[in-house]
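S.K.: Numbering (our numbering), first residue to last: 13 to 215. Each residue gets a CB set at the ideal place from its N, CA and C atoms; glycine is no exception. What you are looking at is a predicted structure, and each value in this text was computed from that prediction instead of being measured. Handing you this structure, nothing more for now.
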């Protein structure tokens, strides 16, 4: 559960708790019933709040979907880790942080990805949002790659393509969920691979 800022008023704390109730109820229903078949009425009933409250806060199921994605970002802390990685001046530490961010991203993403894939198949706007999120990820990762002092043999485009390939969720899934690696093993392996790709052969 989120930490509630003690400086907030009682009404503000209640509002945050209501938002959390709605998001948690929707997340569970989207996973069990699917995004397409879950109604706002069902979400309001499970959350124990009125239908009008759900609409007033999130406007639609897509609004709740966006809140679920944002909650995932906060849980994974990947954004903060990548910001630290971009600012880090020691090349090895920079890539270690990147490997940790990637591990946190996919380690915490199973529910969110399941929900979003279901939503994308049932709602064209949700599909567009998913595509936009993927494009945003590519841009953010390119910004990170730009912060690396690359060897002369690597152009930015080629380095970005390599980085994106090595940090795909399918690779995490294959190694951790299929092959049985633990997340720490994956992070260690990824850090070593990234160092070999981006720090070797500097002229």
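By alpha-carbon positions, which one of 212, 84, 117, 187 ends up nearest to residue 201?
M.R.: The candidate whose alpha carbon is nearest that of residue 201 is 187.
S.K.: Inspect the beta-carbon positions of residue 56 and residue 44 and report whether they are closer than 7 angstroms.
M.R.: No, the pair does not count as a contact, with Cβ atoms beyond the cut-off.
S.K.: Taking Cβ to Cβ, would you say residue 59 is nearer than 7 angstroms to residue 34?
M.R.: For residue 59 and residue 34, yes; Cβs fall inside 7 angstroms.
S.K.: How far does the alpha helix (DSSP H) with residue 68 in it extend, from its first residue to its last?
M.R.: Per DSSP, residue 68 belongs to the alpha helix (DSSP H) from 63-70.
S.K.: Where does residue 244 fall in DSSP's three states?
M.R.: An answer regarding residue 244 cannot be provided, because it is not within the stretch 13 to 215 covered by the chain.
S.K.: Apply the 10 Å Cβ neighbour rule to residue 63 and answer buried if 16 or more other Cβ atoms are within range, or exposed otherwise.
M.R.: Exposed, by the Cβ-count rule.
S.K.: With distances taken between CB atoms, is the gap from residue 94 to residue 42 smaller than 7 angstroms?
M.R.: Going by C-beta atoms, residue 94 is not nearer than 7 angstroms to residue 42.
S.K.: Mind reading off the beta-carbon distance from residue 100 to residue 109? Whole number of angstroms is fine, and I expect it under 8 angstroms.
M.R.: Confirmed, Cβ separation roughly 6 angstroms.
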